[in-house]
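Chemist:
Protein chains: 2
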Amino acid sequence: MEFNKELKDHYLKGHKKYLRYLSVDCVIFGFHQNDLKVLLLKTKYDGRWALPGGFILKNEHIDTSAQRILKKRTGLDEIFLEQFHVFGDPDRSTKKINQQFLKNIGIKANESWMFERFITIGYYALVDFTKVTPSPDNISAACEWFSIYQLPEMILDHQHIFEEALQNLRMQLNFHPVGFNLLGKKFTMPELQKLYETILGKELDRRNFQRKMIATGILKRLKETKKGVAHKAPFYYKFDLRNYKKALKAGMHYFE
Amino acid sequence: MEFNKELKDHYLKGHKKYLRYLSVDCVIFGFHQNDLKVLLLKTKYDGRWALPGGFILKNEHIDTSAQRILKKRTGLDEIFLEQFHVFGDPDRSTKKINQQFLKNIGIKANESWMFERFITIGYYALVDFTKVTPSPDNISAACEWFSIYQLPEMILDHQHIFEEALQNLRMQLNFHPVGFNLLGKKFTMPELQKLYETILGKELDRRNFQRKMIATGILKRLKETKKGVAHKAPFYYKFDLRNYKKALKAGMHYFE
DNA sequence: TTTACATTGTGTCACTATAACGCAATGAAT
DNA sequence: ATTCATTGCGTTATAGTGACACAATGTAAA
């Protein structure tokens with residue numbers, strides 16, 4: 146079995162290629178049908194789900210590791226990516242290994258570097274849902290989107306990592322206009338508002354929202370309106386990349 | 146030389162005790178004489194200065210590592226401590242080693258785990274300056290406070306780490322009332338204002354500052370006033386730990 | 001003892017940002 | 001032609017912010 150050979154090698158010799166004790170986990174957010182979603186992998190050995198993750202090459206920048214992992218799972222380059230926390234509890238990596246799974250690929254427990262402690266660096270990514278082609282990795286049976294409000298059971302502390310990521314995203318959303326990374330090229334104001342409401346988990350006033358967004362100066366209203374809606378057609382907007390980057394940097398206003 | 150033996154062992158066998166490729170660096174802030182200061186160590190082998198740092202024990206929580214390092218350098222327990230960023234550039238750890246220094250302790254270059262790549266987890270700490278007893282470690286000749294406006298030349302990317310820490314502190318200061326950790330039990334309003342001004346690097350209006358601080362609800366005015374000042378004596382304040390913790394959690398106000 | 005003076009405590013005022021809400025315009029469906 | 005959900009723009013009351021005035025305080029100088 147060529148597949149098992151490859152996997153076995155990874156379990157036994159992976160640390161020659163990667164940094165031991167260190168991993169990267171990515172919370173990949175996408176927005177689709179008025180719902181904020183997260184991309185998850187179904188593990189082969191116990192059927193539960195996991196955040197896309199991986200290891201850091203011996204001579205690789207950690208941000209590059211995260212980009213590499215994202216590229217593999219989504220097919221996308223140049224993703225909005227943000228390091229948000231390091232999870233360093235020595236007990237976060239379980240030592241309870243599925244023995245049968247190990248037997249299947251022909252290794253003994255405690256023989257693999259992968260069942261030692263792992264400190265993981267958490268990143269979150271904001272991607273355009275429509276552009277993503279989810280693809281599972283070696284040790285996964287599936288790669289799918291889940292609504293953040295209906296997450297399946299996850300391995301290790303991945304639920305906790307997700308929650309921390311969401312909290313960071315919410316914080317960031319209030320001080321930098323990062324939400325746009327989740328949308329396509331053009332979008333209507335109600336769509337943008339739904340996005341914000343979904344991320345923040347609460348409803349916002351339609352009219353105040355519009356005013357604030359316009360006030361950021363990063364939106365450009367197009368002449369085109371949305372077609373085929375059974376009511377007044379909303380305008381499309383796109384965002385001004387130049388002003389966007391300015392707004393990103395300016396972001397918060399410190400005290401006076 | 147018993148000292149060299151110990152140091153040599155650390156260089157050669159340290160990775161048996163600690164996680165390889167991983168370190169913790171701490172930016173320890175203190176406030177003294179209207180000046181924000183950082184605690185630095187003077188390296189023995191090239192005389193430049195470094196942030197207090199260390200390694201992570203194989204079975205230790207990373208936050209505990211940081212606490213342990215802080216305890217050793219400052220003598221303090223239960224310090225306000227915040228993880229703020231991971232520095233993961235593969236080129237951040239220099240491979241240019243002082244050969245003479247290595248000879249002195251009797252090891253060859255490339256023989257030590259310590260000259261490989263290190264990914265470092267940055268923490269910043271806020272301490273009561275008056276309670277700290279700075280003490281250098283094995284490989285350091287001195288441990289001293291420096292004004293953040295007059296920092297000496299530092300090794301590796303420690304200047305960069307410091308700047309990132311300061312930026313994070315400023316951000317945090319605006320949304321959580323963390324500054325108090327830098328002061329003693331009681332303080333006057335002008336003292337608190339100076340602290341804020343020093344951290345933020347700008348002057349604030351005295352009267353508006355007072356209004357805002359009172360409004361946080363975490364201050365308690367004492368009946369005692371400061372003695373021996375050649376003008377109207379300011380009141381002392383202390384802070385209400387209960388309300389403080391509430392304010393820490395509440396912190397930022399999300400959108401509406 | 002009186003006066004000077006730097007600094008503190010409290011208050012005011014104009015301006016802005018924000019939340020809450022009104023209303024006419026739109027355009028497909030009836 | 002009418003209905004109606006939804007959009008775009010506007011109004012108002014309120015709270016927060018920055019800028020500044022002035023009296024009170026307490027040591028030091030006269």
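Protein chains in written order, with our numbering: chain H, 146 to 401; chain B, 146 to 401.
Note that CB positions come from ideal geometry on N, CA and C, so glycine has one too.
1) How many Å lie between Gly233(B) and Tyr268(B) at the Cα?
2) What residue range is occupied by the uninterrupted alpha helix (DSSP H) comprising Thr361(B)?
3) Expressed to the nearest angstrom, what Euclidean distance is found between the alpha-carbon atoms of Pro197(B) and Leu186(B)?
4) Beta-carbon within less than 6 Å of Asp170(H)'s beta-carbon, same chain only, minus the 5 sequence neighbours each way: which residues are those?
5) Count the other C-beta atoms from every protein chain shown that fall within 10 angstroms of the C-beta of Ile359(B), then say buried if there are 16 or more, exposed otherwise.
6) Within 10 Å of its beta-carbon, does Lys276(H) have 16 or more other beta-carbons around it, so buried, or fewer, so exposed?
7) With DSSP as the reference, label Tyr382(B) as helix, strand or coil.
8) Would you list the one or two residues that DSSP bridges to Glu336(B)?
9) In terms of residues, what are the limits of the alpha helix (DSSP H) holding Asp170(B)?
10) Do Leu181(B) and Ile344(B) have their C-beta atoms within less than 9 Å of each other?
11) From the DSSP output, read off the bridge partner residues of Gln304(H).
12) Determine the DSSP secondary structure at Tyr389(H), reduced to helix, strand or coil.
13) Could you pull the DSSP bridge partners for Ile344(B) from this structure?
14) For Tyr341(H), count neighbouring Cβ atoms within 10 angstroms of its own Cβ and tell me buried if that reaches 16, exposed if not.
15) Below 8 Å, how does it come out for the segment 380 to 390 of chain B and the segment 364 to 372 of chain B: are there three or more Cβ pairs, yes or no?
16) Under three-state DSSP, which class holds Leu327(B)?
17) From the DSSP secondary-structure annotation, give me the bridge partner or partners of Ile293(B).
18) Using a C-beta to C-beta distance shorter than 9 Å, which residues of chain B count as neighbours of Phe228(H)?
19) Does the count of Cβ pairs from the segment 162 to 178 of chain H and the segment 311 to 328 of chain H closer than 8 Å reach three?
20) Would you please verify whether the beta carbon of Ile207(H) is less than 9 Å from any beta carbon of chain B?
21) Taking the Cβ atom as the reference point for each residue, do Pro235(B) and Asn204(H) lie within a distance shorter than 9 Å?
22) According to DSSP, what are the bridge partners of Ala375(H)?
23) State the Cα-Cα distance for the pair Asp154(B) and Glu309(B), rounded to the nearest angstrom.
24) Less than 8 Å between the CB atoms is what I'm expecting for Leu184(H) and Thr219(H), so what's the real figure, rounded?
25) With DSSP run on the structure shown, which of helix, strand or coil describes Gly396(H)?
26) With which residues is Gly199(H) paired in a DSSP beta bridge?
27) Which of helix, strand or coil does DSSP assign to Thr219(B)?
28) With a threshold of 8 Å on Cβ separation, who are the neighbours of Pro335(H) within its own chain once the five nearest residues in sequence on each side are excluded?
29) Sort out for me which residues DSSP pairs Met299(B) with in a bridge.
30) What does DSSP give as the partner residues of Asp180(H) in its beta bridges?
31) Taking the continuous beta strand (DSSP E) assigned at Ile264(H), which residues delimit it?
32) When you compare only the Cα positions, how much space is there between Tyr163(H) and Trp258(H)?
33) For a test of the three-state rule: what should DSSP assign to Met146(H), helix, strand or coil?
34) What span of residues does the beta strand (DSSP E) with Arg366(H) cover, start to end?
35) Which of the three DSSP states is assigned to Glu151(B) in this structure?
36) Roughly how many whole angstroms lie between the Cα atoms of Pro279(B) and Glu298(B)?
Modeler: With the structure as the only source:
1) Position 88 of the second sequence, counted from the start, is the residue given in the question as residue 233(B). Position 123 of the second sequence, counted from the start, is the residue given in the question as residue 268(B). Taking the straight line from one Cα to the other gives about 14 Å.
2) Position 216 of the second sequence, counted from the first residue, corresponds to residue 361(B). First-last of the alpha helix (DSSP H) with Thr361(B): 351 to 361.
3) Counting from 1 along the second sequence, the entry for residue 197(B) is found at position 52. Counting from 1 along the second sequence, the entry for residue 186(B) is found at position 41. Distance between the alpha carbons of Pro197(B) and Leu186(B): 6 Å.
4) Working through the first sequence from its first residue, we reach residue 170(H) at position 25. Within the same chain, Asp170(H) has close Cβ partners Leu196, Gly198, Thr265, Gly267, Ile306.
5) The residue given as residue 359(B) occupies position 214 in the second sequence. When all chains shown are included, Ile359(B) counts as exposed.
6) Here the question's residue 276(H) lines up with position 131 in the first sequence. When all chains shown are included, Lys276(H) counts as exposed.
7) Here residue 382(B) is taken as the residue at index 237 of the second sequence, counted from 1. If DSSP states are grouped into helix, strand and coil, Tyr382(B) belongs with the strands.
8) Within the second sequence, the letter at position 191 stands for residue 336(B). Glu336(B) pairs with nothing; no bridge assigned.
9) Looking up residue 170(B) in the second sequence gives position 25. Taken as a continuous stretch (DSSP letters only), Asp170(B) belongs to no alpha helix (DSSP H), being part of the beta strand (DSSP E) at 163 to 177.
10) Stepping through the second sequence from its first residue, residue 181(B) is reached at position 36. Stepping through the second sequence from its first residue, residue 344(B) is reached at position 199. Yes, these two residues count as a Cβ contact at 9 Å.
11) As a first step, residue 304(H) is located in the first sequence; it is residue number 159 there, counting from the start. Answer by DSSP bridge pairing: none, since Gln304(H) is not bridged.
12) Stepping through the first sequence from its first residue, residue 389(H) is reached at position 244. Helix.
13) Position 199 of the second sequence, counted from the start, is the residue given in the question as residue 344(B). Ile344(B) is not bridged to any residue.
14) Against the first sequence, residue 341(H) aligns to sequence position 196. With 16 or more Cβ atoms within 10 Å of its Cβ, Tyr341(H) is classed as buried.
15) yes
16) In the second sequence, counting from the first residue as 1, residue 327(B) sits at position 182. Leu327(B) falls in the helix class under three-state DSSP.
17) Against the second sequence, residue 293(B) aligns to sequence position 148. BP columns for Ile293(B) are empty, so no partner.
18) In the first sequence, residue 228(H) corresponds to position 83, counting from 1. At residue 228(H) the sequence reads Gln, which differs from the Phe that was named. By Cβ distance, chain B contributes His230, Val231, Gly233.
19) yes
20) Against the first sequence, residue 207(H) aligns to sequence position 62. Output row for Ile207(H): interface = yes.
21) Taking the second sequence and counting its residues from 1, one reaches residue 235(B) at position 90. Taking the first sequence and counting its residues from 1, one reaches residue 204(H) at position 59. Yes; because the gap between Cβ atoms is below 9 Å, this pair is in contact.
22) Counting from 1 along the first sequence, the entry for residue 375(H) is found at position 230. BP columns for Ala375(H) are empty, so no partner.
23) For the purposes of this step, residue 154(B) is taken as the residue at position 9 of the second sequence. For the purposes of this step, residue 309(B) is taken as the residue at position 164 of the second sequence. Approximately 33 Å between the Cα atoms of the pair.
24) Position 39 of the first sequence holds residue 184(H). Position 74 of the first sequence holds residue 219(H). Indeed, because the Cβ distance is near 7 Å, the residues count as touching under 8 Å.
25) In the first sequence, the residue the question calls residue 396(H) occupies position 251. Three-state result, Gly396(H): coil.
26) On the first sequence, residue 199(H) is found 54 positions in, with the first residue counted as 1. BP columns for Gly199(H) point to Val169(H).
27) The residue labelled residue 219(B) in the question sits at position 74 within the second sequence. Three-state DSSP puts Thr219(B) in a helix.
28) In the first sequence, counting from the first residue as 1, residue 335(H) sits at position 190. Answer for Pro335(H): Arg351, Pro379, listed in chain order.
29) Numbered from 1 along the second sequence, position 154 holds the residue referred to as residue 299(B). Met299(B) pairs with Trp194(B).
30) Position 35 of the first sequence, counting from 1, holds the residue named residue 180(H). His177(H), per the DSSP bridge assignment.
31) By one-based count along the first sequence, residue 264(H) stands at place 119. Its beta strand (DSSP E) spans residues 264 to 271.
32) As a working mapping, residue 163(H) is identified with position 18 in the first sequence. As a working mapping, residue 258(H) is identified with position 113 in the first sequence. In a straight line, the C-alpha of Tyr163(H) is about 10 Å away from that of Trp258(H).
33) Locating residue 146(H) in the first sequence gives position 1, counting from the first residue. Residue placement at Met146(H) is poorly supported in this model, since its pLDDT is 45, which falls under 50; the coordinates still yield a value, given next. Looking at Met146(H) - three-state DSSP - the assignment turns out to be coil, as it is neither helix nor strand.
34) Within the first sequence, the letter at position 221 stands for residue 366(H). From DSSP, the beta strand (DSSP E) with Arg366(H) extends over 364 to 370.
35) Position 6 of the second sequence, counted from the start, is the residue given in the question as residue 151(B). The answer is helix: DSSP assigns Glu151(B) an H, G or I state.
36) By one-based count along the second sequence, residue 279(B) stands at place 134. By one-based count along the second sequence, residue 298(B) stands at place 153. If you take the alpha carbons of Pro279(B) and Glu298(B), they lie about 19 Å apart.
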